[in-house]
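Residue numbers (the numbering used here), protein chains in the order written: chain D, 1 to 135; chain R, 1001 to 1135; chain A, 2001 to 2135; chain W, 3001 to 3135.
Given below as structure tokens:
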């Protein structure tokens, strides 16, 4: 999310330091996008029947991440408990999807790329939960 | 979600009793849709500046509910911990959005309609969390 | 979308007759939801390799319908050309997904349910495009 | 969408040259994300009543772009007519949102950032429509 820093810099309700929010929103869009693409790469595999669980997990993780991305990138009048609950769900989805994709990372390079992005997103969600700069 | 019962009835991976899942998916789509419409009704109000917090909360609740609806309505190879985490976030978002809309329910009939739907969705998420028929 | 009529009835920017909009928004949520569920039912089928094209088409149709549902159900300051362009894309996605699911309707009852919903949504989008009550 | 090139490079169904698809998917996620953030920056402005049309347009453009991003980034068994119809809707939404944000670009720097991203996304959609490398 290249332009989000520039947009946050001119946002009327920006917190003193939006860097953790920016990193988390960027990671959520990146991970959500790669989970969509990884589910599709698994679907296009000659052995799709072996990848059903991975497809399902990637579809779920994509939905959680892309909803979280929208929520985290809003700076006006956030409800801290709502944002926290969604960040916890997102970190959990990323943890589970990373573990699933890592199972196939040896055979499927796209799962390796996706797993790496899931780990980064899990970490960005946890950093924001602990930094709590959105409150 | 009129047709979802008919679809689940013919799903190759349906659990013995998908009724709690069906009720939860239906409530999530309904609540997500009404939150989109309520945020828009607030935006079109002559006193929009007084409704900024309600708009933000409805937008977030819509995103959480519509992501949860997708996840809950998948019956193939679910990750129970992922589904649970998202249902907890959804129940929390609905609880917070219901409380916000109830603040305006006297003056804005659309907030009354939205709050009622949020309460029903919160309850459907909690019923599924406790019934755990998706596992 | 049971409550959307009640919500529109109290919307400050409602048009004289929102019935075509209400029908279209309801059909878009219903069809989007059933396409998510049908893609998952295909994914859980013992012959998933034969259903790859159907899964892909349902996933796309779900995304188009659920985006269209949000857009159509906003009544405040619409851009008629934007709404029309998205409704045309939605009618096309529904037409294509209905045709794909009808191919499997004999063997997969969930595809029959999904195809019926796609046809209804295509029709609701076209009715709104021609009625143009959102402008 | 940093990792999408690496993911496409290992996708079993990648076309000979996925570069236009990669550019379009990246632009759609970027523009969708910035439209979410711009609608929120407008909502948090002291003069929100003057920005209602801009908020509405950004919300619609975000929904169109984020749905398009998912669809474009799937490479397995695409329906060319479905993808084309959605890309045309996306180019149109971006054109309209760019024009709306440019109206406020002098007073609101976030609208300037958002408009630039909308123009880039419109162009990426049109390049893919004309290059047609997804077919």
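Cβ coordinates follow ideal geometry from the N, Cα and C atoms, glycine included.
Would a check of beta-carbon distances place residue i closer than 9 Å to chain A?
i	result
residue 40/D	yes
residue 3082/W	yes
residue 3070/W	yes
residue 1102/R	no
residue 134/D	Only weak support is given to the placement of residue 134/D: the predicted model assigns it a pLDDT of 47, under 50, and the value that follows is read from those uncertain coordinates. Chain A, which has no Cβ nearer than 9 Å to the Cβ of residue 134/D, makes this no.
residue 1114/R	yes
residue 1034/R	yes
Return the first residue and the last residue of the alpha helix (DSSP H) that residue i is part of.
i	result
residue 40/D	19-43
residue 100/D	80-103
residue 2064/A	2052-2072
residue 5/D	4-9
Would you report the Cα separation of residue i and residue j, rounded to the nearest angstrom?
i	j	result
residue 72/D	residue 24/D	7 Å
residue 2032/A	residue 2064/A	8 Å
residue 2042/A	residue 1021/R	18 Å
residue 3077/W	residue 3096/W	31 Å
residue 2101/A	residue 2016/A	37 Å
residue 3130/W	residue 3086/W	14 Å
residue 1038/R	residue 1054/R	9 Å
residue 1105/R	residue 1114/R	9 Å
residue 12/D	residue 1089/R	28 Å
residue 2061/A	residue 2120/A	13 Å
residue 1035/R	residue 1112/R	11 Å
residue 1098/R	residue 1123/R	12 Å
residue 1058/R	residue 19/D	25 Å
residue 30/D	residue 3103/W	30 Å
residue 56/D	residue 2007/A	34 Å
residue 1067/R	residue 2069/A	14 Å
residue 1082/R	residue 94/D	9 Å
residue 2127/A	residue 2028/A	13 Å
residue 125/D	residue 117/D	12 Å
residue 2044/A	residue 1044/R	44 Å
residue 3074/W	residue 1074/R	19 Å
residue 2048/A	residue 2040/A	10 Å
residue 3026/W	residue 1026/R	33 Å
So is residue i in contact with chain W if we call contact Cβ pairs under 9 Å?
i	result
residue 1043/R	yes
residue 1052/R	yes
residue 2024/A	no
Does DSSP classify residue i as helix, strand or coil?
i	result
residue 130/D	helix
residue 1123/R	helix
residue 75/D	coil
residue 1112/R	helix
residue 2135/A	Here the model assigns residue 2135/A a pLDDT of 44, short of 50, so the residue's position is not dependable and the matter cannot be decided.
Can you tell me whether residue i is buried or exposed, with buried defined as 16 or more other CB within 10 angstroms of its CB?
i	result
residue 1107/R	exposed
residue 2110/A	buried
residue 1080/R	exposed
residue 1050/R	exposed
residue 3046/W	exposed
residue 2009/A	exposed
residue 3092/W	buried
residue 2/D	exposed
residue 3004/W	buried
With 9 Å as the threshold, decide whether the Cβ of residue i is near any Cβ in chain R.
i	result
residue 2056/A	no
residue 2086/A	no
residue 2015/A	no
residue 2109/A	yes
residue 2077/A	yes
So, does the CB of residue i fall closer than 9 Å to a CB anywhere in chain D?
i	result
residue 3066/W	yes
residue 3095/W	no
residue 2037/A	no
residue 1089/R	yes
residue 2009/A	no
residue 3106/W	no
residue 2049/A	yes
residue 1074/R	yes
Any heavy atom of the ligand SAM within a distance shorter than 8 Å of the CB on residue i?
i	result
residue 2108/A	Within the structure as shown, the ligand SAM is missing, as the structure has no ligands at all.
Residues of the region 3117-3130 of chain W whose Cβ lies closer than 9 Å to any Cβ of chain E, in chain order: Given the protein chain composition of this structure (D, R, A and W), no chain E is represented.
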